[in-house]
Amino acid sequence: MATAVTPTPTVPVGLLPVLSTVHLIDVTDPGMEGLALHLAARGARVSGSTRHDEVHGPVANRLRAAGVSVTEGLAPQEISELSAMVWSRAVVGPHPELDAAVEHRVPVLARTHALALTGVGFGGGNGLAAVWGSHSNATAAAVLAHLLDDGRTGWILNTPALGKSAGHYGAARLVVDLSPDTATHETVPTSPIRLSPGAVARRALAPAAMLVTAVDPNHPHHEDLPTALVAAEHQARTAGTVVVPDLSWWNKPLVLLRERLADRPGPEVVTVGPSSRCGVRIIELEAVGSGGYWAELRHGNRRFRSVVPAIGLHHAVMTVCTIGTALVLGEDPDAVAQRASRFDGVEGSMQHLGTRGGVRVVRSRARHVAEVARDLQAAGELVGRGKVIAVLEPDGYVRTRAQARSLGAALARCHRAVLMPVVCGLPTLGIADPLEALTEATREGLPAERVHTVRTGPCTQAPEEIAFGHAKDGDVVLIIGTHRAPAVAERLLALLEATR
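Quick look at the structure:
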């Protein structure tokens, strides 16, 4: 059990008093780690709780190294000394920490509320930039933080760039990823019982510029397109300028968002695309080798020219959209080009882990069906004459039969599919076994003998063993997922290293 938290007598750098001594539930989840690191860097006393199997994991260790106390839970007497508690996901049934916070009249904040309070003080001028999207946001947010990192820029990300932390403090500017993440946090509103009587007034972030990457149904956050459009418009109207991709093949609902924003006065909308009508025009975007694209953009009288590191056209598009956002914020094109050339990619996002015996192992953190399809397409571009073997760990996206069908159709782009148990903390709708539903859907596009289902049990073949048994020289094994999938990738590399 953690030692008692002693409230600091002074308010940390630029933070409201309510965030001076704060506890984060599920602190190792995407998005929560970045918030905890940012608050700790600003001098707040930060603690967090997580699941038993995560307490001594790599994320928890990174947090401890930054001064964040991580345990399985706080004692009631410790909770009474907090200035606030932040929770990250839909909590079903009693929760000891939340219940104790309400009992002790400690403000309970949803993550978006805590983000808004954290951003107080960055709202003037170009001090706040944000990314929002139903999907395809991880690359965009990490690239934007990297491009704006002039030594005075901080960020709070769901997914960090390679070699960087998910949260960082800079005195002049803040970059925030406002998108839903795989932790399914805030899939339902904070119920009244979780809002203590001492809760502070709700605020909203007001970014100078916000990049909206895509608008689509994204279960369980946005169950249908109208819901996604409402959420996108709500977020967009908080910004001074909204930046959106404008490519015919990218995301058609973005056109609907632009129409909704034009219905009444609101933010300026800047499009990024190849048309001469776009505010940021893509003059050229061509692949150069297997890990980069030559990009040339124009914004007004300013031009950007550089090779941008990216695997797959969709990641290249998101990168140039973030470059466009940086230009809209007034960044010098030459400085942006220098920073872009040094970008090493996003942790787990088409990340090449290594090649053993001619087999290339690549990690993907794709979750939405559009992300899965495009990462599989990118893997196909890497493979040459070999084949793509996909190892997929589905999460809460597979809750209905329709969702399973759409994901199964995406998997038709690979040669062989290995399906791991579904990670889903929310109830399924209309299907008893989401993994079986996904297996049936995948076999509509692939022969049954090339679709493998992994079940938990002592006699079940592990996913890395299945992939290892079929991988040959020249193949790419794309391992998709963020829960157990990273460990599968490491074990597969070890198998390939030991025997080839």
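Position one of the sequence shown corresponds to residue 7 (the numbering used here), numbered consecutively onward. Quick reminder that beta carbons are idealized off the backbone N, C-alpha and C, glycines included.
- By the neighbour-count criterion, in which 16 or more other beta carbons inside 10 Å mark a residue as buried, Asp338 falls on the exposed side.
- Within its own chain, the residues whose Cβ lies closer than 6 Å to the Cβ of Tyr299, once the five positions on either side in sequence are excluded, are Leu291, Ala293, Val314, Ala316, Ala322, listed in chain order.
- Partner residues in a beta bridge of Glu84, as assigned by DSSP, do not exist.
- Under the three-state reduction of DSSP, Gly63 is assigned to coil, being neither helix nor strand.
- If the five residues before and after Leu501 are omitted, its C-beta is found closer than 8 Å to the C-beta atoms of Glu470, Glu471, Phe474, all from its own chain and listed in chain order.
- Pairwise C-beta distances place the segment 159–172 in contact with the segment 138–151, as three or more of them are shorter than 8 Å.
- The DSSP assignment places 357–362, 365–370, 394–398 as complete runs of the beta strand (DSSP E) inside the segment 346–399, in order along the chain (cut-off: 3 residues).
- The closest CA to that of Met324, considering only Leu253, Arg490, Arg309, is found on Leu253.
- Ile288 is bridged by DSSP to Leu303.
- Proximity to Ala147 across Val457, Gly129, Gly173, Gly157 peaks at Gly173, based on C-alpha coordinates.
- Just so you know, the alpha carbons of Gln409 and Asn143 end up roughly 20 Å apart.
- Sequence-distant Cβ neighbours of Gly246 in its own chain, meaning closer than 8 Å and more than five residues away, are Ala212, Pro213, Ala214, Ala215, Pro273, Glu274.
- About 6 Å separates the CB atoms of Gly330 and Val249; that is less than 8 Å, so the two are in contact.
- In the same chain as Ser89, and ignoring 5 residues on each side of it, the C-beta atoms closer than 8 Å to its own belong to Pro13, Pro23, Val24, Leu25, Ser26, Thr27, Val28, Val112, Pro113, in chain order.
- Within the DSSP secondary-structure output, Leu425 pairs in a beta bridge with Leu398, Thr459.
- In the DSSP assignment, Ala135 falls within the beta strand (DSSP E) that extends over 134–138.
- Going by beta carbons, Leu260 and Ala220 fall inside the 8 Å limit.
- For the set Trp256, Gly139, Arg362, the Cα lying nearest the Cα of His228 is the one of Gly139.
- Contact check for Met426 against Gly487 passes: the beta carbons are separated by less than 8 Å.
- The Cβ atoms of Thr466 and Val457 do not sit closer than 8 Å to each other.
- Taking every protein chain shown into account, the CB of Arg158 has fewer than 16 other CB atoms within 10 angstroms, so this residue is exposed.
- With 16 or more other CB atoms across the displayed protein chains lying within 10 angstroms of its CB, Ser370 is buried.
- Here Val375 is buried: its Cβ has 16 or more other Cβ atoms, across all protein chains shown, within 10 Å.
- With contacts defined by Cβ atoms closer than 8 Å, Gln357 and Val368 form a contacting pair.
- Taking 8 Å as the cut-off, the Cβ atoms of Val19 and Ser53 do not count as close.
- Beta-bridge annotation (DSSP): Glu274 is paired with Thr247.
- With distances taken between CA atoms, Asp401 lies nearest to Val429 out of Val429, Leu80, Gly297, Asn257.
- At least 8 Å separates the beta-carbon of Glu377 from that of Arg490.
- Our two residues, Gly127 and His44, have alpha carbons roughly 14 Å apart in a direct line.
- A direct Cα-to-Cα measurement between Ala438 and Val276 gives close to 45 Å.
- For the 8 Å CB-CB criterion, Ala447 and Arg419 do not form a contact.
- In this chain, Phe310 is not harboured by any alpha helix (DSSP H); it is covered by the beta strand (DSSP E) spanning 308–315.
- By the CB criterion at 8 Å, Ala42 and Val33 fall inside the cutoff.
- Around the C-beta of Ser347, fewer than 16 other C-beta atoms lie within 10 Å, and the residue is accordingly described as exposed.
- In the assembly as shown, Ser281 is an exposed residue. Its beta-carbon has fewer than 16 other beta-carbons within 10 Å.
- Collapsing the DSSP output to three states places Asp183 in a strand.
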